[in-house]
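*Asks:* Numbering (our numbering), first residue to last: 1391 to 1820.
Mind having a look at this structure? Questions to follow.
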């Protein structure tokens, strides 16, 4: 049986933050599906910090399905000391000593700097290492015989740094310490196997890295929507979700994603405002679901231009997993006018719920939506208004797009993703 070491740092971060992003969702779904294949001997590690390692441990304690897999500990001496300097939310035993607040911060920072997630003895029996986002640790790169895999979801921060508030001459220090894409890309060498969720992302990566990537050691393996995304036909459940998130009665247009400039939400707000004004649609609402991201203030600033729509443009904030299917299913149409995506999970989730989809014709989105949805230039203001109106007016069009959505969504599954990933593992070893 192939011995796999899987980095679950993303899952520890998600557990600590009490929210699940697309990155974390895909890392978790792939792990579940790989485990179900029962062809891999999987162990876990966390390559970032003691703090994240400890949250990974807490995540695993809350997910007994992973109990047969081990989380490899960091170097034990530093771990013992750090155990007495627990991060918020942990409940360690009584500390052996109680340093001052300042000394505690200094000690914790020193331990973070010294942190080594893996020792050579940990790696001795490992065949494969897979990180679903973070840089491949130096110890892994230096260990002969281990095949190493890195998933690159997208390279948008380095290709379009302005979407993340970065300057053109950005450095590694400019990135968030826990989401340092530049470090991840710098850990790729010709011996690294790279998995991307779309051909568009792999092409971007190849252009960016040039000769540092071996084309024979790459794979395009699409993500999927989780199984709990399905059409919801229960009006009582859908009404309860609308009430929970303050959505008015009547039809609504839905968009879901982090509220940030790249998602092109301002364009959607303007198009919606024009549509309801020109066509006199007093019953139609726009629901914007998702947590606030970078530079979200520009989105709320745009909203102030339409005080008459204050009660009809709804910001839900983060939406719990159990509410997503009813929210998608109840929507008249799902609109995702993003400028650029590495894959585009929300449109696929919407399609799996049988919801008509309008999205951009850029980057990876045509690979995901195919011919099932309506695709537009993300700057096409009039086109978006026209297509939203057509769907609003025509039940026949909604039914046709709904059927096409379900058919397209069936082309993606986490079982297929896991099988293709395991096939890539075997290709690397044999």
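Ideal placement from N, C-alpha and C gives every residue a C-beta, glycine not left out.
Examine the Cβ distances between the region 1737-1751 and the region 1786-1806 and report whether three or more of them are shorter than 8 Å.
*Replies:* Yes, the region 1737-1751 is in contact with the region 1786-1806.
*Asks:* Excluding five sequence neighbours on each side, which residues of the same chain lie with their C-beta closer than 6 Å to the C-beta of residue 1395?
*Replies:* So the qualifying residues of the chain are 1433, 1435, 1516, 1519.
*Asks:* Beta-carbon separation of residue 1583 and residue 1813 under 8 Å?
*Replies:* No, Cβ-Cβ distance for residue 1583 and residue 1813 is not below 8 Å.
*Asks:* What are the partner residues of residue 1750, as DSSP defines its beta bridges?
*Replies:* For residue 1750, which the question treats as bridged, DSSP gives the partners 1766.
*Asks:* Please report the distance separating the alpha-carbon of residue 1628 from that of residue 1663.
*Replies:* Each residue's Cα considered, the two are about 25 Å apart.
*Asks:* Taking all protein chains shown into account, decide if residue 1831 is buried (16 or more other Cβ within 10 angstroms of its Cβ) or exposed.
*Replies:* As shown, the chain starts at 1391 and ends at 1820. That puts residue 1831 outside it, with no answer to give.
*Asks:* First and last residue of the alpha helix (DSSP H) that includes residue 1688?
*Replies:* From DSSP, the alpha helix (DSSP H) with residue 1688 extends over 1687-1693.
*Asks:* For residue 1534, is the classification buried or exposed, using 16 other Cβ atoms within 10 angstroms of its Cβ as the cut-off for buried?
*Replies:* Looking at its Cβ environment, which holds fewer than 16 other Cβ atoms inside 10 Å, residue 1534 is exposed.
*Asks:* Identify, in the order they occur along the chain, each residue of the same chain with its Cβ nearer than 7 Å to the Cβ of residue 1413, setting aside the five sequence neighbours on each side.
*Replies:* Hits under 7 Å: 1400, 1523, 1543.
*Asks:* How about residue 1709: is its C-beta nearer than 8 Å to some C-beta of chain D?
*Replies:* Although the question refers to chain D, the structure presented lacks it and comprises just one protein chain.
*Asks:* Which same chain residues end up closer than 8 Å to residue 1778 when comparing Cβ atoms and leaving out the 5 residues on each side of it in sequence?
*Replies:* So the list reads 1643, 1661, 1662, 1665, 1723, 1725, 1748, once near-sequence residues are dropped.
*Asks:* So for residue 1565, helix, strand or coil by DSSP?
*Replies:* Coil.
*Asks:* Measure how close the beta-carbons of residue 1684 and residue 1731 come, nearest whole angstrom, since I'm counting them as under 8 Å.
*Replies:* In fact, because the Cβ distance is near 16 Å, the residues do not count as touching under 8 Å.
*Asks:* Just list the residues that DSSP pairs residue 1435 with in beta bridges.
*Replies:* DSSP lists 1397 as partners of residue 1435.
*Asks:* Between the Cα of residue 1546 and those of 1675, 1567, 1591, spot the shortest distance and give me the residue it belongs to.
*Replies:* For residue 1546, the nearest C-alpha among the options comes from 1591.
*Asks:* Is residue 1690 buried or exposed, if buried means 16 or more other CB atoms sit within 10 Å of its CB?
*Replies:* Burial call: exposed.
*Asks:* What three-state label does DSSP hand residue 1519 in the structure shown?
*Replies:* DSSP places residue 1519 in strand when its eight states are reduced to three.
*Asks:* Give the list of continuous beta strand (DSSP E) stretches no shorter than 3 residues that lie fully inside the region 1619-1698.
*Replies:* Whole beta strand (DSSP E) segments, 3+ residues: 1642-1646, 1675-1679.
*Asks:* What is the residue span of the beta strand (DSSP E) that residue 1586 lies within?
*Replies:* Here the beta strand (DSSP E) through residue 1586 covers 1582-1586.
*Asks:* What residues in its chain sit with their C-beta under 7 Å from that of residue 1578, if we drop five residues either side in the sequence?
*Replies:* If we look at residue 1578 and ignore the five residues flanking it on each side, its Cβ neighbours are 1540, 1584, 1599, 1602, 1603.
*Asks:* Between which residues of its own chain and residue 1787 is the CB-CB distance below 8 Å, once the five residues before and five after are set aside?
*Replies:* Once the five neighbours on either side are set aside, the close Cβ partners of residue 1787 are 1746, 1780, 1781.
*Asks:* Taking a contact to mean a Cβ-Cβ separation below 8 Å, would you say residue 1707 touches residue 1667 in this structure?
*Replies:* Contact: no.
*Asks:* Run through DSSP, which three-state label would residue 1530 get?
*Replies:* Correct three-state label for residue 1530: helix.
*Asks:* Could you compute how far the alpha carbon of residue 1404 sits from the alpha carbon of residue 1568?
*Replies:* Rounded to the nearest angstrom, the two C-alpha atoms are 11 Å apart.
*Asks:* What does residue 1704 pair with, by DSSP beta-bridge criteria?
*Replies:* 1677.
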